[in-house]
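What follows is a set of notes on a single structure, which appears directly below.
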Amino acid sequence: KSPNYLWLGAYDAGLVRFNKIDETFVRYNLTANQMWMFYQDHDGIIWIPTLGGGLDRFDPENEKLTNYKHSKGDLNSISSNSLNYVYADKSSNILWIGGTAGIDKFEKSSGRVVKRYTRAGGFDIEGVMTIVGDDENNLWIGTDSGLIKFNPRTESLKIYTEKDGLPGNRFNFMGAVKSRDERVWFG
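First residue of the sequence shown? That's 781 in our numbering, and the numbers climb one at a time after it.
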């Protein structure tokens with residue numbers, strides 16, 4: 781939360797803190813240093829979905845790293861250790877974590893997954909590249925096989941593919957943004 785720091789992350793480089801005053805860098809190793817993005821919440825905690833290491837939680841105040849991994853048979857663990865994206869919903873206690881197996885509804889306060897949305901669980905969601913919410917609280921999920929509109933309240937989903945008019949079925953990592961005028965854009 782310090783305005784004197786700029787947080788950086790790069791594939792294969794882990795998490796890096798740049799001090800804007802003395803122009804120095806400090807590198808923090810993660811459980812797996814391969815990542816596409818990270819998210820810093822309102823409490824200053826940095827959440828990092830890693831490729832192969834699960835979900836990392838980094839507290840800049842005490843420099844403590846906590847890791848959440850998939851545990852076979854534990855439905856409250858993340859569904860995969862290969863993760864691409866994390867999105868915070870308006871509740872501020874829920875993170876939506878996307879990866880190769882689908883999406884997980886993760887409760888920050890307990891450090892547990894409260895619901896998995898995966899193909900194995902009956903939801904046609906996998907290969908998640910990006911997630912963004914709209915003003916009606918739907919999640920728009922860009923995957924490697926189409927675009928999904930998901931309503932977390934009703935747990936209903938609609939899948940859009942090339943057959944529906946999309947120019948292609950594969951979406952880019954972090955290829956979505958919600959503009960100030962509430963439009964959702966994908967690439």
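For each residue, glycine too, the CB sits at the ideal point set by N, CA and C.
Which of the three DSSP states, helix, strand or coil, is assigned to residue i?
i: Glu942; result: helix
i: Lys870; result: coil
i: Arg896; result: strand
i: Leu835; result: strand
i: Tyr808; result: strand
i: Ser970; result: What the structure shows of the chain is the stretch from 781 to 967, and residue 970 is not part of that stretch, so it cannot be assessed.
i: Ile825; result: coil
i: Asp792; result: coil
i: Asn847; result: strand
What number of angstroms, rounded off, separates the C-alpha of residue i from the C-alpha of residue j?
i: Tyr865; j: Trp876; result: 8 Å
i: Gly853; j: Ile801; result: 48 Å
i: Tyr791; j: Met815; result: 5 Å
i: Lys885; j: Glu962; result: 23 Å
i: Gly879; j: Met909; result: 7 Å
i: Asn968; j: Arg797; result: Beyond the ends of the chain as shown, which are 781 and 967, falls residue 968; an answer cannot be given.
Thinking C-beta only, is residue j closer than 8 Å to residue i?
i: Ile883; j: Ile905; result: yes
i: Leu863; j: Thr830; result: yes
i: Leu795; j: Ile826; result: yes
i: Asn931; j: Asn918; result: yes
i: Asp967; j: Gly955; result: The question names Asp, but residue 967 is Gly in the sequence shown. Yes, the Cβ-Cβ distance between Gly967 and Gly955 is below 8 Å.
i: Ala881; j: Tyr819; result: no
i: Gly832; j: Ala812; result: yes
i: Leu855; j: Ile828; result: no
i: Tyr848; j: Gly891; result: yes
Which residue wins for smallest C-alpha separation from residue i, given the options the options?
i: Arg960; options: Ile939, Leu946, Asp914 and Trp920; result: Asp914
i: Ser889; options: Arg837, Pro783 and Gly878; result: Arg837
i: Glu887; options: Ala881, Ser871 and Gly901; result: Ser871
i: Ala900; options: Leu810, Asn847, Ser860 and Asp823; result: Ser860
Let me confirm a value: residue i is counted as buried when at least 16 other C-beta atoms fall within 10 Å, else exposed. Which label applies?
i: Leu927; result: buried
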